[in-house]
Every structure is written in structure tokens, then in C-alpha cells.
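Notes to accompany the following structure.
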Amino acid sequence: MFAARAGVAERAVRSRHLRRVWGIPHTALGAVAWPSGPRRGFHYWWQAHLLDCLLDAQLRAPSADRKALVRRVIRGIRVRNVVGWTNRYYDDVAWLGLALLRAQYGARIAKPHVVELIARRLRSAWTEHGGGGIWWRTDDDFKNVPANGPAAILLARLALESGDGTDLGRAKSMVDWIEEHLLDPDTGLLFDGLHVHPDGSVREVERTLFTYCQGVVLGACVEIDQFGGRRIWGDRAARIIEAVDEHLTVDGVVRGCGGGDGGLFGGILVRYLALAAVRLARPAARRAADLVLRSAEALWDNRSMVVSGPLFGPEWTVPADSSGGGAERDLSVQLGAWMALEAAALVERNS
1130 MFAARAGVAE RAVRSRHLRR VWGIPHTALG AVAWPSGPRR GFHYWWQAHL
1180 LDCLLDAQLR APSADRKALV RRVIRGIRVR NVVGWTNRYY DDVAWLGLAL
1230 LRAQYGARIA KPHVVELIAR RLRSAWTEHG GGGIWWRTDD DFKNVPANGP
1280 AAILLARLAL ESGDGTDLGR AKSMVDWIEE HLLDPDTGLL FDGLHVHPDG
1330 SVREVERTLF TYCQGVVLGA CVEIDQFGGR RIWGDRAARI IEAVDEHLTV
1380 DGVVRGCGGG DGGLFGGILV RYLALAAVRL ARPAARRAAD LVLRSAEALW
1430 DNRSMVVSGP LFGPEWTVPA DSSGGGAERD LSVQLGAWMA LEAAALVERN
1480 S
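Start counting at 1 in the sequence shown, then tack on 1129, and there's your number in this note's numbering.
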């Protein structure tokens, strides 16, 4: 059931959003809004998630057509980014690194030199300011979960691939830093990040509790838990799942965070809840699976239908607005929903 729904969501996104880059052959990217309007820009990290969604779909239902599209999107990202593969945001490049690493195994499209370039950039971003962690972006005073979480996932996956204990140690250190400095003791959730003075002391903690932050730390814990050893990683993952269920859901459905970048936040959390559902032991796996399936069911039930297929809203418990004036226009919102449906399909396949 969810595999079919994910396929419908994929076709809708491809129909409405996929375009060549500046008309250049053999390139593709997602237009950031539909119908097109005043919103402009590249939105690098949205494109990384577009690539990741295509790879989810390729694992669900492999096809030569989609594999060719994956190649075009990878080329489109490089062409549109102009200056190279990376930008100044460490979270952005971590997401692209994760997608490219998955392309190597999910579509047999290898870019090992780019993945290594990104990994080196992330390794070099660690400093002792604020007690450790990597920066959100270059020349900044902010260290946050959205950068450290996906970087830890990528480094843990690279360690699993290569057997390099150094990268595994880095991944563990990133999660340990988050747990030490950004854990909310009242809820068991993770705060967004912290600002530091030039001398490295903490100036201010950003205490917003984003679904994004919970998802990436959960994903990192699940990856590290595969290496065995201390039970702490599985225990941390189970705590996050329980805390999300208790504090970041509406009737068991993951909360939305509006349009723009926030349109991806719920999908990211559901992606890693699905990974937890597949890899963790019960009862944490069962609770994660329930969150995934309830969220996917709600977003599907609350879709609107337009000529090109289903249109999803930013809040999955509320009917989507098909008038063209809301957050439904944003590629991020549609990707977040597609991502959640692919996550549900993964849980369904492994149930």
C-alpha cells in the first residue's frame, strides 16, 4: 500500500518540479516552487534530499529511467553550484555526502572522490569552541545539531564501509557533544544549538525543539549501534523515539514545521524513525514503526488532488491547501511528504 503511494508522490514531484539547469542537457534539479512564482534560488540542501528521495524510490522499485535521472540530478547539483561540490554550510554538504554515498550502493553511481572531499571538510570543522562539535557554517559562531547529526551519520557509514575506527570515533564524539551540551532534561529531546564567544565559552543556547534535530541524532545513534559494544547507543535511540512520541506529535502523527526549510523537518525525522524500526530491537522498533505508519497515513489522508497528482501540506493532520498560495508550493514540503511515504514503504517491506 505505501509503496504504491510513494510511487504516486514521486510521479507528482517529478511532474511538477523537475527541470533542466539553465536548459543544459543531461542535467536536472527540483524547481523550488510550484506553480512557479517569486521564490527563486538553488536551495542546495533541498536538492540533496531530492536525490535521497530518488534513491529511496530506486531501492523500492529499481528502474533504468530513474537511475538516469539520479545521474542528471547529481550533474545538475554540480553545475548549478558553480564553484564546486560544496558550500559554506556544513549541514548542506553532509546531506549531499549522504546522498552520494547511497547512490554508490543504491544505484551503482559512484562519486568516491566527492564523498571523500565532503568527509574531509566535515572532519576539519571540529573545534573545541563550546566544548567541541562542528560549526553550522564557516566563519560563524553557531554550532548545532543540524550540522553535527548528519555529519555523524555520514562518518559512521564511512567507518562501516572502510573499517576506519577514526571516523567512528569522530561520529561518536559528535553525538556525545550533542548529548552533553544540548539535551533537554525535561523532555529527553535535543535543543537546536549554541552560540559561542571568540574565546570558546558558550554565549547562548538555542532551545527550540525541532523534529529535524531529533531525527538526525536518532539516525546517528542507530548507525553507531550497528558496531556493537556499549548499549548506550540503542538506549539513546529508544529515548529519542519515546520523547518524540510524547512531545512532538499530534495524535501520534509527527508535527509539521511550516514551509521553506521547515518543510523537510518532519520527513527527515520519519526517515530515521524508519531506520530505527528496521534495525533496533523491540519495543523501540515497534514504537518507531507506529510513528512512521501513522504519520504516512495521515499525510496521505489529508492530501489534496490537483491535475498533476497529490499535493501534500506542511501539517500532516490538516487537509492540504490546493489554492496555490500556501506552503504546499514549496518543493521542501512535497519532498518531506514523499520521504515519509518512502519511509513507510520501507517499514512495510520489512514488517
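C-beta atoms are modelled at their ideal positions from N, C-alpha and C, and glycine is treated no differently.
*Rank P1191, R1169, A1160 and A1186 by C-alpha distance to the C-alpha of Q1176 and give the top, closest one.*
Among P1191, R1169, A1160 and A1186, the Cα nearest to that of Q1176 is on A1160.
*Taking the CB atoms as reference points, tell me whether V1351 and L1404 lie closer together than 8 Å.*
Judged by beta-carbon spacing, L1404 lies within the 8 Å limit of V1351, meaning their Cβ atoms are closer than that value.
_If I measure Cβ to Cβ from W1255 and keep anything under 6 Å in the same chain, skipping five residues before and after, which residues do I get?_
Same-chain partners within the cutoff: I1263.
_Buried or exposed by the 16-neighbour rule on C-beta atoms within 10 Å, applied to D1268_ = Its Cβ having fewer than 16 others within 10 Å, D1268 is exposed.
*Mind pulling the alpha helix (DSSP H) runs of 4 or more residues that sit fully within the stretch 1399-1453?*
Listed in chain order, the alpha helix (DSSP H) elements of length 4 or more contained wholly in the stretch 1399-1453 are 1413-1430.
*Mind checking P1279: buried by the 16 CB within 10 Å criterion, or exposed?*
By the neighbour-count definition (other C-beta atoms within 10 Å, threshold 16), P1279 is a buried residue.
*Is it the case that the Cβ atoms of V1476 and A1406 are separated by a distance below 8 Å?*
Yes; because the gap between Cβ atoms is below 8 Å, this pair is in contact.
*Any idea what DSSP makes of K1240, helix, strand or coil?*
K1240: coil per DSSP, three-state reduction.
*Cβ neighbour criterion (16 or more within 10 Å) applied to Q1187*: Q1187 comes out buried.
*If you count every other CB in all the chains shown that lies within 10 Å of the CB of V1212, and 16 or more means buried, which is it?*
V1212 comes out exposed.
_So the candidates are I1353, H1242 and R1266; which of them puts its Cα closest to the Cα of L1289?_
Nearest to L1289 by C-alpha distance, out of I1353, H1242 and R1266, is I1353.
*Helix, strand or coil: which one does DSSP assign to W1467?*
DSSP places W1467 in helix when its eight states are reduced to three.
*asked:* By alpha-carbon positions, which one of I1153, W1163 and P1164 ends up nearest to R1207?
replied: Selection I1153, W1163 and P1164 evaluated against R1207 yields I1153 as nearest (Cα-Cα).
*Cβ-Cβ distance between E1309 and G1260 below 8 Å*: Contact flag set, yes.
_Assuming the contact rule is C-beta atoms closer than 8 Å, A1486 and A1456 should be a hit. Round their C-beta distance to whole Å, please._
Past the edges of the chain, shown from 1130 to 1480, lies residue 1486, and the structure says nothing about it.
*Taking the continuous beta strand (DSSP E) assigned at F1271, which residues delimit it?*
For F1271, the enclosing beta strand (DSSP E) covers residues F1271 to N1273.
_So, under 8 Å CB-CB, V1199 and L1180 are touching, yes? Tell me the CB distance rounded to an integer number of Å._
With 8 Å as the limit, V1199 and L1180 qualify as a contact, their Cβ atoms being about 7 Å apart.
*Only counting runs of 4 or more residues, tell me where the alpha helix (DSSP H) segments fall wholly within the stretch 1213-1260, in order along the chain.*
For the stretch 1213-1260, whole alpha helix (DSSP H) runs of length 4 or above, ordered along the chain, are 1219-1235 and 1241-1252.
*Would you mind giving the Cβ-Cβ distance between W1467 and A1135, rounded to the nearest angstrom? I have them listed as a contact below 8 Å.*
Rounded to whole angstroms, the Cβ separation of W1467 and A1135 is 7 Å, and the two are in contact under 8 Å.
*Since E1333 contacts L1318 with CB under 8 Å, what's their CB separation in whole angstroms?*
With a Cβ gap of about 18 Å, E1333 and L1318 do not count as contacting.
*How big is the Cα-Cα spacing for N1192 and I1238?*
The residue asked about is misnamed: residue 1192 is Ser in this sequence, not Asn. Cα to Cα, the separation comes out at about 14 Å.
*Please look up how many angstroms separate the CB atoms of L1184 and A1236, rounded, as I've assumed it's under 8 Å.*
Contact flag correct, Cβ pair sits at about 6 Å.
*Sort R1217, F1394 and S1452 by Cα distance to V1436 and report the nearest one.*
That would be S1452, whose Cα lies nearest to the Cα of V1436.
*Identify every residue that forms a DSSP beta bridge with R1169.*
None; R1169 has no bridge partner.
*Mind checking H1242: buried by the 16 CB within 10 Å criterion, or exposed?*
Exposed, because fewer than 16 other Cβ atoms sit within 10 Å of the Cβ of H1242.
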